[in-house]
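In this note's numbering, the protein residues as written are 73 to 395. For every residue, glycine included, the Cβ atom is placed at its ideal position computed from N, Cα and C. As the structure is a computational prediction, the values presented were derived from the model and not from experiment. A short write-up of the structure that comes next.
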């Protein structure tokens, strides 16, 4: 693939202004497998708020090089390498594909990650949570604890729960598949693994769940779930299948339940870390952060459409109830 064609495909390879170079502004490389947002997405806005907390504002004293690969995994390594060639000061890697690509591209440029799917110790990204020991730090998720809570919520809400479908992306969700399946088995329920890879797979996946007679399902976190929340919610309702997602965006888009960390908060904290590095901090001095608060969001209208009565104690403790 010629470089010009590559730049066109990732649709976000802008070159920072000449004035930025002349004034020697620091430059961040923003790397993501997601499609280029049409506007200022909530997570991107949160990232910029984090930068602002450290005194950095894009266009004023900071430039950002964006690389969005639109779910084209074959472009990710080249996009990361492009940022390295530009000699950006810091790479921000959003989501596991970007983290892996950044790791492949450089061991010297400081990298800040937001990764909801990977165990950084098991992957060999870091030496310890407190002292990462290399050029990478950031925000990662505690997978087993989250899966156990999600299974517990489904058990509390769905009567006569014997089978739970676990929807995820092969390869990307390896650790989450294991954690979720273990949590399901721990409460005496059978797990049904259903794999998805592209948005068009959701119709087939929900039909498969219905055929296998599952009573509820868990959506493992991935960019594919994040951008397909509305589609998944509609298909789940059509198949009368209650689903729980890590993302609050899922119930807000018509799905049933969301329970997980506030993703925008994680991006904001990542922005703070990037700012601290620009001020001179080393990644090894910035410990890996885990989410400290998890949000429970319930769509009551969807629950009623599914014929489910949500216990009043859950409604009282939910962070948000959508009527």
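1) Return the chain-ordered ranges of every beta strand (DSSP E) run that is complete within the stretch 205-273 and spans a minimum of 3 residues.
2) Starting from residue 317, follow the beta strand (DSSP E) in both directions and report where the run begins and ends.
3) Closest by CA to residue 406, which one among 143, 200 and 152?
4) Determine, using beta carbons only, whether residue 112 comes closer than 8 Å to chain D.
5) What residue range is occupied by the uninterrupted alpha helix (DSSP H) comprising residue 341?
6) Which runs of the beta strand (DSSP E), 3 residues or longer, sit entirely within the stretch 133-216?
7) Could you check whether residue 299 and residue 252 sit closer than 8 Å to each other, using their CB atoms as the reference points?
8) Please classify residue 137 as buried or exposed, where buried requires at least 16 other C-beta atoms within 10 Å of its C-beta.
9) Quick check: what's the CA-CA separation for residue 185 versus residue 214?
10) From this set, 225, 350, 368 and 275, which residue's C-alpha is nearest residue 129's C-alpha?
11) Would you call the CB atoms of residue 265 and residue 280 closer than 8 Å?
12) Excluding the five sequence neighbours on either side, which residues of its own chain have a C-beta within less than 7 Å of the C-beta of residue 338, listed in chain order?
13) Between which two residues does the alpha helix (DSSP H) carrying residue 102 extend?
14) Closer than 6 Å by C-beta to residue 284: which residues in its own chain qualify, once you throw out the five before and the five after it? Chain order, please.
15) For residue 306 and residue 277, I'd like the C-alpha separation in whole angstroms.
16) According to DSSP, what are the bridge partners of residue 368?
17) Pull up the distance between the alpha-carbon of residue 234 and that of residue 254, whole angstroms please.
18) What are the start and end residues of the alpha helix (DSSP H) that includes residue 380?
19) Output the distance between the C-alpha atoms of residue 287 and residue 321, rounded to the nearest integer angstrom.
20) Can you determine whether any heavy atom of the ligand MG sits closer than 7 Å to the C-beta of residue 290, and answer yes or no?
21) Of all the options 348, 150, 393 and 372, which has the alpha carbon lying nearest to the alpha carbon of residue 182?
22) Within 10 angstroms of the Cβ of residue 258, are there 16 or more other Cβ atoms? Answer buried if so, exposed if not.
23) Quick check: what's the CA-CA separation for residue 328 versus residue 192?
24) Following the continuous beta strand (DSSP E) through residue 394, name the residue where it begins and the one where it ends.
25) State the Cα-Cα distance for the pair residue 380 and residue 117, rounded to the nearest angstrom.
26) Determine which residues share a DSSP beta bridge with residue 361 and list them.
27) Quick check: what's the CA-CA separation for residue 271 versus residue 304?
28) So what does DSSP say about residue 127, is it helix, strand or coil?
29) Any contact between the stretch 215-230 and the stretch 368-386? By contact I mean 3 or more CB pairs, one from each, below 8 Å.
30) Check residue 289 in the structure and name its three-state DSSP category.
31) Expressed to the nearest angstrom, what Euclidean distance is found between the alpha-carbon atoms of residue 156 and residue 313?
32) Apart from the five residues on each side of it in sequence, which residues of its chain come closer than 8 Å, Cβ to Cβ, to residue 308?
33) What did DSSP end up calling residue 354 once you bin it into helix, strand or coil?
34) With DSSP as the reference, label residue 96 as helix, strand or coil.
Inspection of the coordinates gives the following:
1) 208-212, 235-240 and 262-267
2) 315-317
3) There is simply no residue 406 to check, as the chain begins at 73 and stops at 395 in what is shown.
4) Among the protein chains of the structure shown there is no chain D, as only one such chain exists.
5) 335-350
6) 135-140, 162-166, 183-187 and 208-212
7) no
8) buried
9) Rounded to the nearest angstrom, the two C-alpha atoms are 15 Å apart.
10) 350
11) no
12) 186, 211 and 363
13) That residue, residue 102, is in no alpha helix (DSSP H); its beta strand (DSSP E) goes 99-104.
14) Its chain contains 264 as the residues whose beta carbon lies nearer than 6 Å to that of residue 284, once the 5 sequence neighbours on both sides are disregarded; these appear in chain order.
15) The C-alpha of residue 277 is placed about 13 Å away from the C-alpha of residue 306.
16) For residue 368, which the question treats as bridged, DSSP gives the partners 331.
17) 15 Å
18) Run containing residue 380: none; DSSP gives neither H nor E here.
19) 22 Å
20) Among the components of this structure there are no ligands whatsoever, and the ligand MG is therefore not found.
21) 348
22) exposed
23) 30 Å
24) 392-394
25) 36 Å
26) 211
27) 9 Å
28) In the structure shown, residue 127 adopts coil according to DSSP, grouped into three states.
29) yes
30) strand
31) 45 Å
32) 278, 289, 314, 315, 327 and 328
33) coil
34) coil
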